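Residue numbers (my numbering), protein chains in the order written: chain C, 113 to 700; chain H, 4 to 253.
For glycine and all other residues, C-beta sits at the position ideal for the given N, C-alpha and C.
None of the values given here were measured: they were computed from a predicted structure.
So the structure is just underneath, and the comments pick up after that.
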Amino acid sequence: MTTILPRKDVVIVGLGWTGSILAHELTEEGLDVVAIERGPWRDTAIDFNIGYAQDELRYAIRRDLFLQPTVEAMTMRNNTSQTALPMRDYGSFLPGNGVGGAGVHWNGHTWRFWDSDFRIVDHLNERYGSGRGADLTLQNWGISAEEMESAYDRFEYLAGISGKAGNIKGQIQEGGNPFEDPRSRDYPLPPMQMTYAPTLFAEVTRSMGLHPFPTPSANLSQDYINPLGIAMGQCTMCGFCERFGCANYSKSSAQTTILPVLMKKKNFEVRTNSEVLHLDLDVSKKHARGVTYIDTSGQEFFQPADLVLLCAYGLHNVRLMMLSGIGQIYDPNTGEGTVGRNYCYQTNSGAQVFFDDKNFNPFIAAGALGQTVDDYNGDAFDHGPLDFVGGAGINCIPTNGRPIQTRPTPPGTPRWGSQWKQATVKAYKATLGFSSQGSSYPARGNYLDLDPTYTDRFGRPLLRITFDFPDNDIRMSAWVTAKMEEIAKSFGGRQYNISPRRKGWDSVPYQSTHNTGGAIMGADPNTSAVNKYLQSWDVPNVFVVGASAFAHNAGKNPTGTVGALAYFSADAIRQQYLRNPGQPLVSA
Amino acid sequence: METHCLKRPTRRQFLSSVAFTVLAASSGPVLARSISGSLPWEARSADPPIQVRPGGWLFFTPEEVSTMEAVADRLIPADELSIGGKDAGCVVYLDRQLVGSYGASSRLYTRGPFMPGLPTQGYQAPDTPAQRYRTGLAALNAWTRDNKGGKRFFELSPDDQDATLRDLEAGKITLADNVDAKSFFNLMLSNVMEGFFADPIYGGNKDMASWKMLGFPGARYDYRDHVTKHNQPYPLPPVSIAGSTEWMTR
Numbered sequence: 113m114t115t116i117l118p119r120k121d122v123v124i125v126g127l128g129w130t131g132s133i134l135a136h137e138l139t140e141e142g143l144d145v146v147a148i149e150r151g152p153w154r155d156t157a158i159d160f161n162i163g164y165a166q167d168e169l170r171y172a173i174r175r176d177l178f179l180q181p182t183v184e185a186m187t188m189r190n191n192t193s194q195t196a197l198p199m200r201d202y203g204s205f206l207p208g209n210g211v212g213g214a215g216v217h218w219n220g221h222t223w224r225f226w227d228s229d230f231r232i233v234d235h236l237n238e239r240y241g242s243g244r245g246a247d248l249t250l251q252n253w254g255i256s257a258e259e260m261e262s263a264y265d266r267f268e269y270l271a272g273i274s275g276k277a278g279n280i281k282g283q284i285q286e287g288g289n290p291f292e293d294p295r296s297r298d299y300p301l302p303p304m305q306m307t308y309a310p311t312l313f314a315e316v317t318r319s320m321g322l323h324p325f326p327t328p329s330a331n332l333s334q335d336y337i338n339p340l341g342i343a344m345g346q347c348t349m350c351g352f353c354e355r356f357g358c359a360n361y362s363k364s365s366a367q368t369t370i371l372p373v374l375m376k377k378k379n380f381e382v383r384t385n386s387e388v389l390h391l392d393l394d395v396s397k398k399h400a401r402g403v404t405y406i407d408t409s410g411q412e413f414f415q416p417a418d419l420v421l422l423c424a425y426g427l428h429n430v431r432l433m434m435l436s437g438i439g440q441i442y443d444p445n446t447g448e449g450t451v452g453r454n455y456c457y458q459t460n461s462g463a464q465v466f467f468d469d470k471n472f473n474p475f476i477a478a479g480a481l482g483q484t485v486d487d488y489n490g491d492a493f494d495h496g497p498l499d500f501v502g503g504a505g506i507n508c509i510p511t512n513g514r515p516i517q518t519r520p521t522p523p524g525t526p527r528w529g530s531q532w533k534q535a536t537v538k539a540y541k542a543t544l545g546f547s548s549q550g551s552s553y554p555a556r557g558n559y560l561d562l563d564p565t566y567t568d569r570f571g572r573p574l575l576r577i578t579f580d581f582p583d584n585d586i587r588m589s590a591w592v593t594a595k596m597e598e599i600a601k602s603f604g605g606r607q608y609n610i611s612p613r614r615k616g617w618d619s620v621p622y623q624s625t626h627n628t629g630g631a632i633m634g635a636d637p638n639t640s641a642v643n644k645y646l647q648s649w650d651v652p653n654v655f656v657v658g659a660s661a662f663a664h665n666a667g668k669n670p671t672g673t674v675g676a677l678a679y680f681s682a683d684a685i686r687q688q689y690l691r692n693p694g695q696p697l698v699s700a
Numbered sequence: 004m005e006t007h008c009l010k011r012p013t014r015r016q017f018l019s020s021v022a023f024t025v026l027a028a029s030s031g032p033v034l035a036r037s038i039s040g041s042l043p044w045e046a047r048s049a050d051p052p053i054q055v056r057p058g059g060w061l062f063f064t065p066e067e068v069s070t071m072e073a074v075a076d077r078l079i080p081a082d083e084l085s086i087g088g089k090d091a092g093c094v095v096y097l098d099r100q101l102v103g104s105y106g107a108s109s110r111l112y113t114r115g116p117f118m119p120g121l122p123t124q125g126y127q128a129p130d131t132p133a134q135r136y137r138t139g140l141a142a143l144n145a146w147t148r149d150n151k152g153g154k155r156f157f158e159l160s161p162d163d164q165d166a167t168l169r170d171l172e173a174g175k176i177t178l179a180d181n182v183d184a185k186s187f188f189n190l191m192l193s194n195v196m197e198g199f200f201a202d203p204i205y206g207g208n209k210d211m212a213s214w215k216m217l218g219f220p221g222a223r224y225d226y227r228d229h230v231t232k233h234n235q236p237y238p239l240p241p242v243s244i245a246g247s248t249e250w251m252t253r
């Protein structure tokens, strides 16, 4: 039996970065807001305890803070000729779980996407004439970098991002990223102190004529009090960042930047360990009445609300739309349907340089402490003579020396025995790694839908991911990786190793938790699921917030853009939607 | 603050009910709660790890112990760099893991149908790690008995053990009971390495042997005073979550 609860103004599905931002903004508006969170309550003192937060086995290998496949798995295949099977353990990507979401255990690279991303089709046509990327399903996002600037600025100041501006109001700044779009002011904090490996990377790449700059980081270079009055501490470079909660209040997350203020509000409530099963639509299918959720005792509830915000991980947003009958599910045969469309990922490759005479102290590290070169990212370089579009940031961001997972050895080293041990000891401190994080562009055959066979513990179909790296992206990555090989040679180490990206996305080895698309934003309801304000075209009192809205993925980490989109959407709700609730903000 | 919490077991009650599970603690039956009005905080609600104490075997039989110890000592042999896998406690580590949530795959998706998958789709068999060790170690000993003069794996010479492991790794051996040699070897390798390099509280990495070998300082958590000392050795020895060997009374 379903218990019907008293109505709320707003129900939010998921209390991670976006849910917390939206909840804060809408409670400021005086609305009565409830968030339904599948995972547990989590906070620094208890759950990221300084006495045992630095436990590689528990948090990185057994992944205590992550979504467990027994709660929700997904199926995968590389193309429609294969039968999708469940990822029985998550490997290639690791969705978050609990209050704070993936923002608890991220590394903290905080980027702005470029105008040439948001206006990608127009931009490519303007620069190269029409026809570039014809084998892809690239779409404009329906927004511009100029529109997004203040939203990015707010997220960066909320989170205390440490970095160096490259372009303030059109003036190129020495030491920053010269390829970024104009920003209104510098980052709230200066860059982090550099460890040895990124310092060397900056020297080498600069001598090659490239433009290294400190990676914008949500690991704080100094103590900081954010605009909500919440204090954070300086990062200690402990080397336990990605996959871990931060015990030092030094990594930006909902816990360290919003929740201390949000949780005190009388008009906010979170219900944890409660999983939303679906949104309930009225008979017209154009209005959501609220959400149905189930708690861990198996009790089902209906929470009526005027406004429903999907703020779960992007992939879960898409699945909930499908399970709720919001919009038409994408069909790769016809190209019709908007939900599940333009699923993208990240096209990465790696390089290692082995030295005899250097000590990098790899354990002195933070998730986003490093240097980046953007000369070959996005459309920062001329693609005129090239057979691909897109690019990659090249990052030297050694995040850790945790020894279960971080034990580089030169190619050809045995995996065990005395020789393995000798090579491991020799390489542990003397290896410099860097990587490319490449764009992932949409292709017709890459999409999300519901699996016909496999179900979750409530009998609901799992999400099915059909994905492989498009040929364009493989060509892009090969070209950038050749540039990385030039860099690797220039270090003058004993030997180097290059790991290029190959066709055949493998769900087992970890690659990136940057799954994007599936409920993309745009100007045309025939090719996008949400408008530029992330409002559903089909059900206007539903907003779908997250990387699910990305029309493609750039060669950058998504969180900065996810946070900015949350503010952009919140502004639209506060300033426009609430004047005419239930109405579309953009006419179709 | 308003918080409703139905029958949330205390940590003590919960631990006593799962006395032998090492890592299952945080996946316990925490019930739904509603939080509003302030940040919730409850005394003793943190969830520290439970330290493994050597002594006795909770999963492995005596023959399995001998076999696994021999395997661990070949994967990580004792030499001038460190003690071997057996003395480091890798098998104690594994024994405790296999009676916990890891051994039972309790966090994984274990619904059927089970179908053979493509390599890109990962492990698709229904067997849990505990089942795989039970079957795999028996199959390994059966193979050496049939092919190495009637001896079980741990009765072979170190050179013969190495040769057998190399053949397992390369998939050159066909084991009984449909045990995939390569995949079973990879399972043992990754688990033994976990035990060797994990914090010593989990039973392996005795006296932080692997961390001392690498120069990994362990749980120190603050390197601000050494960040800009590029290319200079870090001066301090490792500490574990449970402290330092030097701090302990003997």
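**Request:** Can you give me, in chain order, the residues of the segment 221-235 of chain H that have a beta carbon less than 9 Å from any beta carbon in chain C?
**Result:** Gly221, Ala222, Arg223, Tyr224, Asp225, Tyr226, Arg227, His229, Val230, Thr231, Lys232, His233, Asn234 and Gln235
**Prompt:** Relative to chain H, which residues along the segment 159-175 of chain C have a C-beta separation below 9 Å, given in chain order?
**Reply:** Asp159, Asn161, Ile162, Gly163, Tyr164, Ala165, Gln166, Asp167, Glu168, Leu169, Arg170, Ile173, Arg174 and Arg175
**Asked** Any idea what DSSP makes of Asn234(H), helix, strand or coil?
**Response** coil
**Prompt:** Beta-carbon of Phe156(H) versus every beta-carbon of chain C: anything under 8 Å?
**Reply:** no
**Whole runs of the beta strand (DSSP E) within the segment 164-249 of chain C, excluding any shorter than 3 residues** = 186-189
**Request:** For Ser29(H), I'd like the list of residues in its chain whose CB is within less than 8 Å of its CB, leaving aside the five on either flank, ordered along the chain.
**Result:** Per-residue confidence for Ser29(H) stands at a pLDDT of 42, beneath the threshold of 50, marking its modelled position as unreliable; the derived number appears in the next sentence. Cβ neighbours of Ser29(H) beyond the five flanking positions: Asp50.
**Prompt:** Which residues of chain C have a Cβ atom closer than 8 Å to the Cβ of Ile79(H), listed in chain order?
**Reply:** Trp528 and Lys533
**Ile599(C), enclosing beta strand (DSSP E) - first and last residue** = Ile599(C) -> not in any beta strand (DSSP E); alpha helix (DSSP H) instead, spanning Asp583 to Ser602.
**Prompt:** Could you give the C-beta distance for Ala504(C) and Gly667(C), rounded to a whole number, given that I count them as a contact under 8 Å?
**Reply:** 4 Å
**Asked** How about Cys350(C): is its C-beta nearer than 8 Å to some C-beta of chain H?
**Response** Chain H contact via Cβ: present.
**Asked** How many whole angstroms separate the CB atoms of Pro132(H) and Leu101(H), which I take to be in contact at a CB cut-off of 8 Å?
**Response** 6 Å
**Message:** At the 8 Å Cβ level, is Asn375(C) part of the contact set with chain H, yes or no?
**Reply:** First, the amino acid is wrong: residue 375(C) is Met here, not Asn. It does: the Cβ of Met375(C) has a partner Cβ on chain H nearer than 8 Å.
**Closer than 8 Å to chain C by CB, Ile86(H)** = no
**Proximal residues to Tyr237(H) (C-beta, below 8 Å), its chain only, five neighbours per side dropped** = These residues qualify, in order along the chain: Gly218, Pro220, Tyr226 and His229.
**Item:** Three or more C-beta pairs below 8 Å linking the segment 614-630 of chain C and the segment 373-392 of chain C
**Value:** no
**Item:** Other residues of its chain near Leu419(C): CB distance less than 6 Å, five sequence neighbours each side excluded
**Value:** Val122 and Asn653, listed in sequence order.
**Request:** Please decide whether Ala133(H) counts as near chain C, where near means a Cβ-Cβ distance under 8 Å.
**Result:** no
**Message:** Tell me the rounded alpha-carbon separation between His233(H) and Thr327(C).
**Reply:** 19 Å
**Message:** Would Asp487(C) and Arg239(C) be called neighbours here (beta carbons separated by less than 8 Å)?
**Reply:** No, they are not a contact pair.
**Message:** Suppose you measure from the CA of Ile299(C) to the CA of Ile284(C); what does that come to, to the nearest Å?
**Reply:** Note that residue 299(C) is Tyr in the sequence shown, not Ile. Spanning the two alpha carbons is a distance of roughly 14 Å.
**Pairwise C-alpha distance: Leu111(H) and Arg576(C)** = 17 Å
**Request:** Report the option in Phe570(C), Tyr553(C) and Gln607(C) whose CA atom is closest to the CA atom of Asn627(C).
**Result:** Tyr553(C)
**Request:** Name the two residues that bound the continuous beta strand (DSSP E) containing Val420(C).
**Result:** Glu412 to Leu422
**Item:** beta strand (DSSP E) segments (min. 3 residues) lying fully within the segment 347-402 of chain C
**Value:** 380-384 and 386-393
**Short CB-CB distance (under 8 Å) between Gly246(H) and chain C** = Not an interface residue.
**Prompt:** Cβ atoms of Gly206(H) and Tyr136(H): under 8 Å apart, would you say?
**Reply:** no
**Message:** What does the Cβ neighbour count give for Gly410(C), buried or exposed, with the cut at 16 atoms within 10 Å?
**Reply:** Burial is judged here by how many other beta carbons sit within 10 angstroms of a residue's own beta carbon; Gly410(C) has fewer than 16 and is exposed.
**Prompt:** How would you list, in chain order, the residues of chain C whose beta-carbon sits under 9 Å from the beta-carbon of Tyr126(H)?
**Reply:** Arg200, Asp201 and Val620
**Item:** Candidates Val651(C), Thr567(C), Asp229(C) and Asp585(C), of which the one nearest Arg401(C) by Cα
**Value:** Val651(C)
**Asked** Where does Ala463(C) sit, in a helix, a strand or coil, going by DSSP?
**Response** strand
**Request:** State the start and end residues of the unbroken alpha helix (DSSP H) segment that holds Gly426(C).
**Result:** Gly426 to Ser436
**Asked** Would you report the Cα separation of Met633(C) and Gln647(C), rounded to the nearest angstrom?
**Response** A direct Cα-Cα distance of roughly 9 Å separates Met633(C) from Gln647(C).
**Asked** So which residues of chain H does Thr565(C) contact, with C-beta pairs closer than 8 Å?
**Response** Pro116
**Asked** Closest to Asp335(C) by CA distance: which of Ser362(C), Gly351(C) and Ala309(C) is it?
**Response** Ser362(C)
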